[in-house]
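J.: Residue -19 is where the sequence shown starts when you use the numbering used here, and the numbers rise one by one after that. All residues carry an ideal CB built from backbone N, CA and C; glycine is no exception.
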Amino acid sequence: MEKERTATTAAVGKIGKLLQRNFCKGPNSIEVILSPPYLIIYLQGFLAPMEESLLDQGQYDSVEKCRMTTFRYLQPSLEEIMQTELDFHSTHMYLDWDFTHSSCMLLLVEEGSCSLTSPPLNFSGEKSSAASPLLPSETTGMHEWQAWGWIDDHALLARQKNIVTPFEQAMIPEHGTRLAERHRADAERKAIQHAVGDQSFQYSLKDVFVTGSLEDSHRYVLFYFDPNESLSSTGRL
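1) Pull up the distance between the alpha-carbon of Ile61 and that of Arg(-15), whole angstroms please.
2) Would you be able to state if there are at least three C-beta pairs under 8 Å between the segment -13 to -2 and the segment 42 to 53?
3) Once you ignore the five residues that flank Glu148 on each side, which residues in its own chain have a CB closer than 6 Å to its CB?
4) Would you mind giving the Cβ-Cβ distance between Phe157 and Asp76, rounded to the nearest angstrom? I have them listed as a contact below 8 Å.
5) For Glu168, which residues from the same chain have a beta carbon less than 7 Å from its beta carbon, with the 5 sequence-adjacent residues on both sides left out?
6) Quick one: what's got a C-beta closer than 6 Å to Thr71's C-beta in the same chain, skipping five residues either side?
7) Nearest to Asn208 by alpha carbon, out of Phe3, Val188 and Ser184?
8) Would the beta-carbon of Met73 fall within 8 Å of that of Ile20?
9) Leaving out the 5 sequence neighbours to the left and right, which residues in its chain are closer than 7 Å to Leu35 when beta-carbon positions are compared?
10) Report the option in Val201, Glu65, Met151 and Leu58 whose CA atom is closest to the CA atom of Ser171.
11) Can the beta-carbon of Glu65 be found closer than 8 Å to that of Lys(-6)?
12) Can you list, in chain order, the residues of its chain whose CB lies under 7 Å from that of Ala(-9), leaving out five sequence neighbours each side?
13) Can you tell me whether Lys107 is buried or exposed? The criterion is at least 16 other CB atoms within 10 Å of its CB, across all chains shown.
14) Assuming Phe26 and Ser83 make a contact with CB atoms under 8 Å, what is their CB distance in whole Å?
15) In three-state terms, what does DSSP make of Phe79?
16) By Cβ distance below 8 Å, which residues in the same chain neighbour Ser57 in space, the five residues on each side in sequence not counted?
17) Give the DSSP-derived three-state secondary structure of Pro207 in the structure shown.
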C-alpha cells in the first residue's frame, strides 16, 4: 500500500510539471484513481490564463480546439508517466472538461478490458437508496446505459451506448468532428446534471464528465462525488 501511494505521488508530481510546462499554469489539485482496467486523472482548478481570457471574450470554440490539440499532443507523455510510475499500459485515452467548474477528467483504458458489469443504469425522479444506487427509468432524452461500476469510493463510471442523432451528424461539416464531439459532450453533461439534480445522494455530486468519439460504439460517463462532503454516514449511494 505504501509503495502504491509513493508511486501515485510520483505520477501526480510528473503530471503537474507536464501541464505546467504546456499550459503555463498547472491545476490546483490532481487526483489519480487507479482501478485496472481503468485509470482516472481528475484535475481541479485547471484553467490557463490565456484560456480564461479567451472564454471571457466568448471564444469558446477556440479554447476547445486548442485544449484538444494540446492534450492529444501530451497523450504519449501522459501514458509514459502511467507506465513508468504505475505500470499501467493504456491503449485508449478519453477526456472531458467543464470550464464552469475549472475541472477536467482524463480516462485511460486498457485495450480489450471492461469491468463494468453491474445492471443497466438510468435515473428516475424517485430517491436513490443504498440498495439501489441509481434507479432504472425511461428518462426522455437520455441514451441507453449499458453498465456501471465503482472505480473508487467516490467515483462512479458508467458505459453508455453511443447513439448519434441526425442533428449531431449535421454539426460535423460546420464544426468538424472533434468540435462537434465537444459540443455534444457539453450538452449531454448538462442534461445528466439536470436529470440527477433532484436525487438524494449520500455523497455530494461534484462533477459529471462525458467522453467518447462519434465513431465509437460506446462512451463513458464519470460521476465524481466530493469525498469531503458526505451527506450520510453510510458511505456510497
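T.: Short version:
1) Looking up residue 61 in the sequence shown gives position 81. Looking up residue -15 in the sequence shown gives position 5. One C-alpha to the other measures close to 15 Å.
2) The answer is no - the segment -13 to -2 does not touch the segment 42 to 53, with fewer than three Cβ pairs under 8 Å.
3) Within the sequence shown, numbered from 1, the residue matching residue 148 stands at position 168. Counting only residues of its own chain and dropping the five nearest sequence neighbours on each side, Glu148 has a CB closer than 6 Å to the CB of Arg164.
4) The residue you call residue 157 lines up with position 177 of the sequence shown. The residue you call residue 76 lines up with position 96 of the sequence shown. Contrary to the premise, residue 157 reads as Thr rather than Phe in this sequence. Actually they do not touch by this definition, with Cβ atoms about 16 Å apart.
5) Position 188 of the sequence shown, counted from the first residue, corresponds to residue 168. If we look at Glu168 and ignore the five residues flanking it on each side, its Cβ neighbours are Val190.
6) The residue labelled residue 71 in the question sits at position 91 within the sequence shown. Closer than 6 Å at the Cβ level, and outside the excluded window around Thr71, lie Glu91.
7) Position 228 of the sequence shown holds residue 208. Nearest option by C-alpha distance: Ser184.
8) As a first step, residue 73 is located in the sequence shown; it is residue number 93 there, counting from the start. As a first step, residue 20 is located in the sequence shown; it is residue number 40 there, counting from the start. Their beta carbons are not under 8 Å apart, which means Met73 does not touch Ile20 by this criterion.
9) Sequence index remark: in the sequence shown, residue 35 carries index 55 (1-based). For Leu35, where only same-chain residues beyond five positions count, the Cβ hits under 7 Å are Val43 and Phe79.
10) Within the sequence shown, residue 171 is the residue found at index 191, counting from 1. Reading off the sequence shown, one finds Ala at residue 171, where the question assumed Ser. Taking only the C-alpha atoms, the option nearest Ala171 is Val201.
11) Here residue 65 refers to the residue found at position 85 of the sequence shown. Here residue -6 refers to the residue found at position 14 of the sequence shown. Lys(-6) sits close to Glu65, with the two beta carbons spaced by under 8 Å.
12) Along the sequence shown, read from residue 1 onward, the residue named residue -9 stands at position 11. Within the same chain, and ignoring the five residues on either side of Ala(-9) in sequence, the residues whose Cβ sits closer than 7 Å to its Cβ are Val12, Ile61, Met62, Glu65 and Leu66.
13) The residue you call residue 107 lines up with position 127 of the sequence shown. Caution applies to Lys107, whose pLDDT of 32 falls short of 50 and renders its modelled position unreliable; the value that the coordinates give is listed next. By the 10 Å Cβ count, Lys107 comes out exposed.
14) Indexing the sequence shown from 1 puts residue 26 at position 46. Indexing the sequence shown from 1 puts residue 83 at position 103. Confirmed, Cβ separation roughly 7 Å.
15) Mapped onto the sequence shown, residue 79 falls at position 99. Looking at Phe79 - three-state DSSP - the assignment turns out to be coil, as it is neither helix nor strand.
16) Here residue 57 is taken as the residue at index 77 of the sequence shown, counted from 1. Within the same chain, Ser57 has close Cβ partners Leu(-2).
17) Counted from its first residue, the sequence shown places residue 207 at position 227. Correct three-state label for Pro207: strand.
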